[in-house]
Structure formats: structure tokens, C-alpha cells
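First up is the structure itself, then whatever we jot down about it.
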Amino acid sequence: MLKNTALVLFCLCFTLPVFAQQKNNNLRDISGHITFIGETVSNVNIVVRNTSRGTQTDARGRYTIEARTGETLTFSHISYKTVRIIIEDITSELNIEMIEKTNELDEVVVIAKSVNGEVVKRRQKADREFQSSRGNVDPRTAGYAVGFVDGEEISNTYSSIKEALRGKLAGYHVNGIDGLAYLRGGNFSVTQDYPVAWEVDGVFSTEEPFGLDLSQIESVYALKSLAATNKYGTLGAGGVIVILTKYGGFNPSEAQRLKIAEQYTNKNYYGNDAIDYNSKADLNDILILELRDRAYSENNPELLKALAYFYQAQGKRVEAVKVYEDVFKLRPTYAQSYRDLANAYIVNDQFKKGWRLYMSYLMQGHDVSGDDIGQIIYNEMEYLYFNRQNQTAIREQFIPQNETIEEFRNDVRMVFEWNTSEAEFELEFVSPDTRSYVFEHSLEANQELISKEKTIGFSSKEFIIDDVGEGDWLINLTYKGNKMNEPTYFKVTTYYHWGKSGQKKEVTLYKLQDERFKFLLQKLNKSILATFN
365 MLKNTALVLF CLCFTLPVFA QQKNNNLRDI SGHITFIGET VSNVNIVVRN
415 TSRGTQTDAR GRYTIEARTG ETLTFSHISY KTVRIIIEDI TSELNIEMIE
465 KTNELDEVVV IAKSVNGEVV KRRQKADREF QSSRGNVDPR TAGYAVGFVD
515 GEEISNTYSS IKEALRGKLA GYHVNGIDGL AYLRGGNFSV TQDYPVAWEV
565 DGVFSTEEPF GLDLSQIESV YALKSLAATN KYGTLGAGGV IVILTKYGGF
615 NPSEAQRLKI AEQYTNKNYY GNDAIDYNSK ADLNDILILE LRDRAYSENN
665 PELLKALAYF YQAQGKRVEA VKVYEDVFKL RPTYAQSYRD LANAYIVNDQ
715 FKKGWRLYMS YLMQGHDVSG DDIGQIIYNE MEYLYFNRQN QTAIREQFIP
765 QNETIEEFRN DVRMVFEWNT SEAEFELEFV SPDTRSYVFE HSLEANQELI
815 SKEKTIGFSS KEFIIDDVGE GDWLINLTYK GNKMNEPTYF KVTTYYHWGK
865 SGQKKEVTLY KLQDERFKFL LQKLNKSILA TFN
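The working numbering runs 364 ahead of the 1-based position in the sequence shown.
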């Protein structure tokens, strides 16, 4: 069970080193070229958002424009989707692959209709009293928020109701590891947290309804709060999706029969298409020295992060701390700077300094819920709380997410980090039953996530496998470039027996340059886990 995070602080007194640097707000040139499927694209409009600065790509698809750190470049063209990229402190080159626009005219028509009455009609449907298996619910007087999706927004073009609800309900997401739907939080753990429960025409189930004709859905309601779901007990602890069909006669027995038949025709199983490819970074000291000289001469925080990755892969803890301190000086507002330096302190047995730096991040009011850098920070604080409380000298009242250390422990925790925020890739987890789950990190798949990462300042992702089980877990990576003529350094830290007395870790560093093919990043199973006992 993954509970909402909470933190109560009393009498916190510490001295935090002051790292500060004047932010460079001077105009500078940003240049690059624009392509689509390898072909240059001319006449792309490039504008600095909320300014009068703008330009177009020439016949060769090239452009140059002046911008400041923190400003947003907008790339637009009548044939392609608009791309927005936040300028960072080291941004000088942005080579953009445009994304084909589809059904844009239909979208405009729908929006225009909504202005002329569709919004009112939808609100009236959302406010109607509806019947659930636990009694009638009136959204207007319920005392809690009820999410709503009109059945007209759902069709059989979607593969399932689970997929059809993506982007239509606030707080709704599908976990990239277990493939289940959630309405709150989540840390991409395989078994932790409660997924949503489902109810169709009064038939309640903890499993997603199978065999449901999406074109016959009248309305969908989302019950999220404890007040909304208490009548369902623990089975509804993750929220309940209530579906009403037009015919009101969903047949779960028939759906179950179809589900059994579907097991023999399922096409979502993994095909072994990852190639055998070695992209591990060369840990040669001469190459590292060259990287160090360049990183410091350019005062480049992304190259410095890569240098720190090299030191960590070599087990050079003191050197890694020094580099992360220098990155913090350059990027004192980045969440990743706090996490990386605090974690480097802990690896170097400087537990008190690590804890204080984590605490300083929390005391500034930063969100540590959800599944991004805040969750990573809180998990690592929880590790200190359960396993290093004496060495850390924790004086604050800290409320962990898990009630006991047994609940906190997991078979494997993996933290993926990349040195440049522009890196695009697909990270695929394949379970022992050959189910494939993909985390997509690209402008095409998730432009909102990329913007969030730049706004908060992080470039990392955490995944937890609670129980490795029988068989092999395969972790594959498909690299898609970083909009520059530079490699991406991709660090994987695997914690075996996470939170347990015999916890071990392994740091692997990859230098990514070749694009567009999938390779096996790592394999996990009980035998491998046993070697780290």
C-alpha cells in the first residue's frame, strides 16, 4: 500500500552551504535544423513565446534565433504539431524532428461546437444523479468531487476502456510497469498502491471490464476521495470508475468467457526484438580526463553530470561529491541538483549532510508526491529513516510512506538518470510472462512531461520491482537522440534487495549515440538477485 506522503517538522536547525550564481539572462543565439523523417522542413515558424522575436527555417531547414535562459521556443508549421521547448542554461543547439499533425480540423470543429452549447450540455450530464451498486450518487450534493467523461468522447477506436480514459480524467494514469489504472499517485511499483476498481451497470469488480462495447457507453464517473469510496471498503481504496451503458445490461459472465478466449489471441505480448549491442561507456582514465577538462573549461553542468556518472561507475565517491557540488553551484534551483548531491553524500557515508540537503528541499515547499524526482527524494529519505537513523542523527519528526521497514523493502529498485534534459528514449520492461510495458520519454509521446522536467529541473526516473518472481525480467532501451551532435550519458543504478540488510547496488553507465534501435539494457531474475546476497 502506498500512502500519501506527509512530513511534520519541529525545531529544524542546520547550516546549509550557500551555493549561488548569477543567472545568465543575456540574449544568445540558438540554432539548429528542422526535419521530418530525415527530410529538411522549410518555413517552420520559430517564435520566442511572449516576445516579438521570431524567425523561419530556410530552404535547408536551418534557423538561428536569440533567446534567454528560461524562455520557451515555439516551433509551428501548418502540416505539423506545434513543439515547445524551454531554453536551459547550456542550450545552444536544438535540432528538431517535427511530428505529423492528424485530425487537426476535426479538433477545431469540436472546440467551436463546445462554445455554442456543448459545454452546457456536458455539464448537465455530469451533474445528473446516477445509480451505483452502493447507492445513488448526486454529484451536486455529494460533498466531494466526482470526475466525469461523456460516453460520446469514447469509441471503439480505443483498445480498451482503460486506454480510452487516458487524458480524460484528472489524476488518472496507467502504470508503465503493471499496466493497471490508478487515480492517485503511484511510484511505478509492480504491486504497491491500489489500482482503481471498476463498476459497469452495477456490477463491481477489481479487474478491468473485458468485452465492453465502448460505443455503447453512456457515462463514466470517477469516485476518488475516501468519502466517495468508503462504501466499497478496501477494494475501492484506489478509487472506483463507475460506467453506465446505454443498454444497461453488461454481462460479466459473457465477458469472462471472452477473456479466456482472448488469452490465446493476445497480441500485446513481447516479441524478442532487442538486439545484442554493447553501448557501455569506456571507463578509460584518459577519456575521463578529457571529459573533465572540457566540462570545466565550458562550465557545462550537463558535461559535469556525465563526469560524475563516470566517477560513480568507477566507485570514486569523493571525486563524485566534488563534481556534484560544482553542478549545484551552477544549478542551485534544480531539484536534480539537490537529489544528486545529497545522494552522493550518502554514498560517501556523509549521512548527516545528505539528510540536511534533502530536508532543505522539502522545507522550501517542493512537492514530493507523484512519481517524479520528489518520489525519488522521499524514497531515499525513507531509506535513511529505516536503515541509517543513528548515523543520520534525524531530529525531525518524519512520517514515512510505509508503516514498517518490511513494507518498505523490495527486491529491486532501479534509478535511471540522463545527463541532458533533451534526451529522448523508450524504456521497456518485459515481465516474466512476456508482457511489455513502455515508459516513453519524447516530445512526440509526452511533451508535457519534458516541460515539467525542465521547469522543476530533473532528469531521472525510478522503477521498483517488489517481487522478481520466477523467470526473467528484461529491460530494453531505444535511444532517439538529444537534438544535438553530442552523446547522451545514461546511468543505471540497480539496488538489489532494496531496504534490506543485505542491500547491494550496481552502477552501469552507457554512452548513447546510435539511434532508432532497441537493445537489452539489463536482465533480472532470482539467480542474478541471489548473486548480490
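Glycine is no exception: its CB is placed at the ideal position from the N, C-alpha and C atoms.
Whole angstroms is fine: what's the gap from residue i's alpha carbon to residue j's?
i: F568; j: S524; result: 17 Å
i: E744; j: Y675; result: 21 Å
i: N594; j: Q811; result: 36 Å
i: I898; j: P665; result: The shown model of the chain, from 365 to 897, leaves out residue 898, and the question about it has no answer.
i: I737; j: T505; result: 37 Å
i: L651; j: Y673; result: 13 Å
i: D690; j: P696; result: 10 Å
i: D646; j: S865; result: 32 Å
i: I398; j: Q678; result: 38 Å
i: A423; j: E403; result: 11 Å
i: G845; j: N459; result: 10 Å
i: D831; j: I605; result: 28 Å
i: A561; j: F574; result: 13 Å
i: I820; j: Y702; result: 11 Å
i: K882; j: W837; result: 16 Å
i: I769; j: P503; result: 40 Å
i: N707; j: H805; result: 24 Å
i: H537; j: L547; result: 7 Å
i: A659; j: I454; result: 12 Å
i: A431; j: D735; result: 31 Å
i: N389; j: I429; result: 15 Å
i: N414; j: E493; result: 44 Å
i: A509; j: K588; result: 8 Å
Is it right to say residue i is buried, meaning 16 or more other beta carbons lie within 10 angstroms of its own, or is it exposed?
i: K526; result: buried
i: Y339; result: Nothing about residue 339 can be read from this structure; the chain reaches only from 365 to 897.
i: T521; result: exposed
i: Q488; result: exposed
i: V687; result: buried
i: G602; result: buried
i: F692; result: buried
i: Q739; result: buried
i: E781; result: buried
i: S519; result: exposed
i: Q753; result: exposed
i: G761; result: One detail in the question is off: residue 761 reads as Gln in this sequence, not Gly. Answer is exposed; the Cβ neighbour count stays below 16.
i: Q765; result: buried
i: D713; result: exposed
i: S496; result: buried
i: I763; result: exposed
i: E683; result: buried
i: Y444; result: buried
i: V479; result: In this prediction, V479 has a pLDDT of 40, which is less than 50 and means its spatial position is unreliable; what the coordinates show is noted afterwards. Exposed, by the Cβ-count rule.
i: L391; result: exposed
i: T756; result: buried
i: R880; result: exposed
i: D657; result: exposed
i: K890; result: exposed
Closest to residue i by C-alpha separation, out of the options, would be which residue?
i: L893; options: D775, E879, G845 and E817; result: D775
i: E817; options: G418, I398, L391 and E452; result: E452
i: G612; options: V564, D649, L599 and L578; result: V564
i: F400; options: G575, I607 and H441; result: H441
i: K858; options: G535, V501 and K869; result: The identity of residue 858 in the sequence shown is Thr, whereas the question assumes Lys. T858 has its Cα closest to that of K869, out of G535, V501 and K869.
i: A586; options: N766, L529, E808 and A708; result: L529
i: E571; options: V832, P559, G396 and K887; result: P559
i: K875; options: L888, K887 and T842; result: T842
i: L873; options: I450, G535 and K644; result: K644
i: V856; options: D514, R777 and K610; result: R777
i: V405; options: N414, Y427 and G418; result: Y427
i: I463; options: S824, K669 and E808; result: E808
i: I394; options: T598, S416, N414 and I450; result: I450
For residue i and residue j, which I take to be in contact (beta-carbon distance under 8 Å), what is that distance rounded to the nearest angstrom?
i: E746; j: P796; result: Incorrect: roughly 28 Å between the Cβ atoms, too far for contact.
i: F512; j: A699; result: Going by Cβ atoms, the distance from F512 to A699 rounds to 34 Å, so no, they are not a contact pair.
i: R773; j: W862; result: 6 Å
i: N751; j: E792; result: The Cβ separation is near 31 Å, so there is no contact.
i: I710; j: Y725; result: No, I710 and Y725 are not in contact; Cβ-Cβ is about 14 Å, not under 8 Å.
i: S583; j: D514; result: 7 Å
i: L705; j: L721; result: 6 Å
i: V779; j: S824; result: 6 Å
Does the beta-carbon of residue i, which I'm using as the reference point, lie nearer than 8 Å to any heavy atom of the ligand FAD?
i: R530; result: Among the components of this structure there are no ligands whatsoever, and the ligand FAD is therefore not found.
Answer yes if the segment 436 to 443 comes into contact with the segment 405 to 417, meaning at least three C-beta pairs across the two stretches below 8 Å, and no otherwise. yes
Are three or more beta carbon pairs between the segment 782 to 796 and the segment 847 to 859 nearer than 8 Å? Counting Cβ pairs under 8 Å, three or more are found: they touch.
Check whether the segment 527 to 547 touches the segment 793 to 809, counting contact only when three or more Cβ pairs, one atom from each stretch, lie closer than 8 Å. yes
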